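Participant: Listed in order, the protein sequences are those of chains G and W.
Start counting the first sequence at 2; every next residue gets the next number (our numbering).
Start counting the second sequence at 2; every next residue gets the next number (our numbering).
There are 2 protein chains.
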Amino acid sequence: MKELTIEQIAEVLRSEDNIIILMHKSPDGDAVGSAYGLCLALRAIGKRAEPLCGDEIPRDYEFITEKFEHQEFDPSFVVSVDLATIQLLSGRAAEFADMVDLCIDHHASNTGYAKEGYVDGKKASCAEIVMDVIKALSSGFSKEIADALFTGICTDTGCFKYSSVSPSTHRAAAELMEYGADSTGICRRIFDTKSKEKLAMEKMVMETIKYYAGGRIALVCITNEIMEKSGAVQGDTDGIAAMPRQIEGVKIGVTLKEKENGEYRFSVRTGELIDASEICRKFGGGGHWAAAGCSIYADFETAREKMIEACKEALKEHGWTE
Amino acid sequence: MKELTIEQIAEVLRSEDNIIILMHKSPDGDAVGSAYGLCLALRAIGKRAEPLCGDEIPRDYEFITEKFEHQEFDPSFVVSVDLATIQLLSGRAAEFADMVDLCIDHHASNTGYAKEGYVDGKKASCAEIVMDVIKALSSGFSKEIADALFTGICTDTGCFKYSSVSPSTHRAAAELMEYGADSTGICRRIFDTKSKEKLAMEKMVMETIKYYAGGRIALVCITNEIMEKSGAVQGDTDGIAAMPRQIEGVKIGVTLKEKENGEYRFSVRTGELIDASEICRKFGGGGHWAAAGCSIYADFETAREKMIEACKEALKEHGWTE
Numbered sequence: 002m003k004e005l006t007i008e009q010i011a012e013v014l015r016s017e018d019n020i021i022i023l024m025h026k027s028p029d030g031d032a033v034g035s036a037y038g039l040c041l042a043l044r045a046i047g048k049r050a051e052p053l054c055g056d057e058i059p060r061d062y063e064f065i066t067e068k069f070e071h072q073e074f075d076p077s078f079v080v081s082v083d084l085a086t087i088q089l090l091s092g093r094a095a096e097f098a099d100m101v102d103l104c105i106d107h108h109a110s111n112t113g114y115a116k117e118g119y120v121d122g123k124k125a126s127c128a129e130i131v132m133d134v135i136k137a138l139s140s141g142f143s144k145e146i147a148d149a150l151f152t153g154i155c156t157d158t159g160c161f162k163y164s165s166v167s168p169s170t171h172r173a174a175a176e177l178m179e180y181g182a183d184s185t186g187i188c189r190r191i192f193d194t195k196s197k198e199k200l201a202m203e204k205m206v207m208e209t210i211k212y213y214a215g216g217r218i219a220l221v222c223i224t225n226e227i228m229e230k231s232g233a234v235q236g237d238t239d240g241i242a243a244m245p246r247q248i249e250g251v252k253i254g255v256t257l258k259e260k261e262n263g264e265y266r267f268s269v270r271t272g273e274l275i276d277a278s279e280i281c282r283k284f285g286g287g288g289h290w291a292a293a294g295c296s297i298y299a300d301f302e303t304a305r306e307k308m309i310e311a312c313k314e315a316l317k318e319h320g321w322t323e
Numbered sequence: 002m003k004e005l006t007i008e009q010i011a012e013v014l015r016s017e018d019n020i021i022i023l024m025h026k027s028p029d030g031d032a033v034g035s036a037y038g039l040c041l042a043l044r045a046i047g048k049r050a051e052p053l054c055g056d057e058i059p060r061d062y063e064f065i066t067e068k069f070e071h072q073e074f075d076p077s078f079v080v081s082v083d084l085a086t087i088q089l090l091s092g093r094a095a096e097f098a099d100m101v102d103l104c105i106d107h108h109a110s111n112t113g114y115a116k117e118g119y120v121d122g123k124k125a126s127c128a129e130i131v132m133d134v135i136k137a138l139s140s141g142f143s144k145e146i147a148d149a150l151f152t153g154i155c156t157d158t159g160c161f162k163y164s165s166v167s168p169s170t171h172r173a174a175a176e177l178m179e180y181g182a183d184s185t186g187i188c189r190r191i192f193d194t195k196s197k198e199k200l201a202m203e204k205m206v207m208e209t210i211k212y213y214a215g216g217r218i219a220l221v222c223i224t225n226e227i228m229e230k231s232g233a234v235q236g237d238t239d240g241i242a243a244m245p246r247q248i249e250g251v252k253i254g255v256t257l258k259e260k261e262n263g264e265y266r267f268s269v270r271t272g273e274l275i276d277a278s279e280i281c282r283k284f285g286g287g288g289h290w291a292a293a294g295c296s297i298y299a300d301f302e303t304a305r306e307k308m309i310e311a312c313k314e315a316l317k318e319h320g321w322t323e
């Protein structure tokens, strides 16, 4: 992948049209916010542009998508945002996996699948890079763009809590608020609103908690049974992954989510000491240092045991003994 | 109370010595951060200064207090921070209730109990005002001061979530990070660390939830029995008050905490529509629009009923009918 500057990214985008913007599967706030924010900015300078995700956009981000007018065109230029690897494309988006022209990303682990791109692993969110691109495009920031990018920043930082947050993250948030981003409304919707179904689901999930390695590993399970019993919907489980690691003494927090056809999806959360993405790479996954994911295809007990073993190994590398 | 400018506040502080800085009872992160931050800045310009709180400082803020060296002197100048009314002073701090020389506060409801002061109800935290005072004092910002003030900002804004957050709040946070504030560590300690006892307590408290007014009011109870059974400590309950209002459809979230001698302390949380401080003022309490508190002295059932009635009245004023 040829590395471009922010200015060059803007130049390339100015010279193209009929642009689709790919998001990864199970899209989070940064994928949705970056894609819709960039798309609106491109339209503001006269381009036809459209975001594309193979999965459904979670209800939490409806305020970004609900007023959005879709455009039909034959794509002639393919952009990806917040996409570390093409393995993370699904459905219709996966059809463009081998033809990504331009990549804008903040994953240090980006595999360089695109022809050209800009990757800054130091940024807390992809939305902050998109913000710089939009400045270089001189499209201006509408309230809708500001809302989308603010969503990207606040979701990817756990509302300004994670170690990825730098002074520039807060300054970007301040600027987006000045462009009209509804900080309070967005934070409330994403972090401070729980349906009764979600509340019930969280309670049941936390009751599945098991500790390993003397309390250094905590694992919770989101089973299909819990989802059915509680009535919670898919997006409701987004915040769960952060919970097991919050418990005092826990170095690795693991969330196991039952999927279809013997797939168990794992979310792994760690702190400064242990690299979550290294643990997940053992099973073909990846992510960031402190937050990563992977799938294991096996029966429940085997999947769980394999993951716990990998976590124990990571602990051993940092001096823990059984 | 004579209103001073930030510059005048700094001038007054420069001309005084042997300064004690009062905090309110049940001190929160903003009270502790503002008091210790200001104290350290005053010492940096050669003053003798000491923070004073009638209650114990919660364990969450130990990182601010543990390395702090106490000074003994006869106080000749009394400052208060984050103190809306002298009713909120307790123990040794209450002895100074009638002799507050200078007040620095961000409660619009400040009763004007001091001789002179600066109150800015638009600031999300008192710590932001103290930050401006410290700039005017030209003491500079040590890492310790930055940590203390950052704690004030992030605790009083629910980690940048509340409606009180403005662009200047984020810019203050960015600046304090540049002075060395350990944003990640502070946020993790305060928002992302739960002891197993706290986790157990939260679960038991959430099981007490009751809905009123068609789900518009949610009430949870922190009984002494729950505290004993779970083994949680006082500071562990700090985050509970935010939880009932987070449930979808809930306009007023109420947390009842059992105290000694027939006292039930209530925390009331609302959104944009309803003024929590107005509800609490009916029982001699107060606070902010969206977060307020009061005590009711009665038996459990009566205390709860009185509060629910007051909440229903507030809902009725906004068009709700039974």
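All C-beta atoms in this analysis are idealised placements derived from N, C-alpha and C, irrespective of residue type, glycine included.
Quick caveat: nothing in here was measured; it's all calculated off a predicted structure.
1) Since I believe Ser35 (chain W) is in contact with Gly153 (chain W) (beta carbons under 8 Å), could you give me their beta-carbon distance rounded to a whole number of angstroms?
2) Would you check if the distance between the CB atom of Val324 (chain G) and the CB atom of Cys295 (chain G) is smaller than 8 Å?
3) What in chain G is Cβ-close to Asp193 (chain W), meaning under 7 Å?
4) Checking contacts by CB at 8 Å: is Cys222 (chain W) closer than that to chain G?
5) Which residue comes first and which comes last in the beta strand (DSSP E) that contains Arg266 (chain W)?
6) Can you name the residues that DSSP bridges to Ala50 (chain W)?
7) Determine the chain C residues that contact Lys204 (chain G) at a beta-carbon separation under 9 Å, and present them in chain order.
8) Please confirm whether Leu200 (chain G) has its beta-carbon closer than 8 Å to some beta-carbon of chain W.
9) Is it buried or exposed for Ala292 (chain G), if we count other Cβ within 10 angstroms and need 16 for buried?
10) Should Phe74 (chain W) be labelled buried (16 or more other beta-carbon atoms within 10 Å of its own) or exposed?
11) Between the beta-carbon of Ile1 (chain W) and the beta-carbon of Leu41 (chain W), is there less than 8 Å?
12) Which same chain residues, not among the five before or five after Glu61 (chain W), have their C-beta less than 8 Å away from its C-beta?
13) Is there a Cβ of chain G sitting closer than 8 Å to that of Met24 (chain W), yes or no?
14) Along the chain, which unbroken stretches of the alpha helix (DSSP H) at least 4 residues long are found entirely within the region 25-82 of chain W?
15) Indicate whether Lys252 (chain W) and Leu274 (chain W) have their beta-carbon atoms separated by less than 8 Å.
16) Where does the unbroken beta strand (DSSP E) through Val120 (chain G) begin, and where does it stop?
17) Could you please give me the residues that DSSP links to Tyr212 (chain G) through a beta bridge?
18) Please look up how many angstroms separate the CB atoms of Ala174 (chain W) and Met132 (chain W), rounded, as I've assumed it's under 8 Å.
19) So which of G:His71, G:Asp300, G:Val101 and G:Glu63 has the shortest CA-CA distance to Val79 (chain G)?
20) Near Lys144 (chain G), which residues of its chain fall below 6 Å by C-beta distance, leaving aside the five closest residues on each side in sequence?
21) Any contact between the region 241-251 of chain G and the region 209-217 of chain G? By contact I mean 3 or more CB pairs, one from each, below 8 Å.
22) Let me confirm a value: Tyr298 (chain W) is counted as buried when at least 16 other C-beta atoms fall within 10 Å, else exposed. Which label applies?
23) Checking 8 Å against the spacing of the C-beta atoms, do Met244 (chain G) and Ile227 (chain G) come in under that value?
24) Excluding five sequence neighbours on each side, which residues of the same chain lie with their C-beta closer than 7 Å to the C-beta of Lys260 (chain G)?
25) Return the chain-ordered list of same chain residues with a C-beta closer than 7 Å to the C-beta of Lys329 (chain W), the five sequence neighbours on each side being excluded.
26) Measuring only the C-alpha atoms, how far is Ile309 (chain W) from His289 (chain W)?
27) If I'm right that Ala315 (chain W) touches Glu279 (chain W) with Cβ under 8 Å, what's the distance once you round it to whole angstroms?
28) So what does DSSP say about Glu306 (chain G), is it helix, strand or coil?
29) Provide the residue span of the beta strand (DSSP E) that contains Ile241 (chain W), from first to last.
30) Within a Cβ cutoff of 7 Å, which residues of the same chain sit near Ile58 (chain G), ignoring the five residues on either side of it in sequence?
31) Taking C-alpha atoms, which residue in W:Lys136, W:Ile210, W:Ser196 and W:Thr209 lies nearest to Glu176 (chain W)?
32) Arg172 (chain G) versus chain W: which residues are under 8 Å apart at the beta carbon?
33) Who are Ile105 (chain G)'s beta bridge partners in DSSP?
34) Kindly list, in the order they appear in chain W, the residues whose Cβ is closer than 7 Å to that of Lys123 (chain G).
35) Alpha carbon to alpha carbon, how far is Ile225 (chain G) from Ile7 (chain W)?
Facilitator: This is what the structure gives:
1) 5 Å
2) Within the shown structure, residues of chain G are numbered from 2 to 323, placing residue 324 (chain G) beyond reach of any answer.
3) Lys162 and Gln247
4) no
5) Glu264 to Arg270
6) W:Ile20
7) The chain labelled as chain C is not found among the protein chains of the depicted structure, namely G and W.
8) yes
9) buried
10) exposed
11) Chain W is shown only over 2 to 323; residue 1 (chain W) falls outside these bounds and no answer can be derived.
12) Contrary to the premise, residue 61 (chain W) reads as Asp rather than Glu in this sequence. Closer than 8 Å at the Cβ level, and outside the excluded window around Asp61 (chain W), lie Gly30, Arg190, Ile191, Gly236 and Asp239.
13) no
14) 30-45 and 63-66
15) yes
16) Glu117 to Val120
17) G:Ala219
18) Actually they do not touch by this definition, with Cβ atoms about 10 Å apart.
19) G:Val101
20) Gly181
21) yes
22) exposed
23) no
24) Arg266
25) Lying outside 2 to 323, the shown extent of chain W, residue 329 (chain W) is not represented and no answer is given.
26) 19 Å
27) 7 Å
28) helix
29) Premise fails: Ile241 (chain W) is in no beta strand (DSSP E) and is neither H nor E.
30) Pro28, Val33 and Thr66
31) W:Lys136
32) His171, Arg172 and Ala175
33) G:Val82 and G:Tyr119
34) The premise fails here: Lys123 (chain G) is roughly 14 Å from chain W at the closest Cβ pair, so nothing lies under 7 Å.
35) The amino acid at residue 225 (chain G) is misidentified as Ile; the sequence shows Asn. Each residue's alpha carbon lies about 58 Å from the other.
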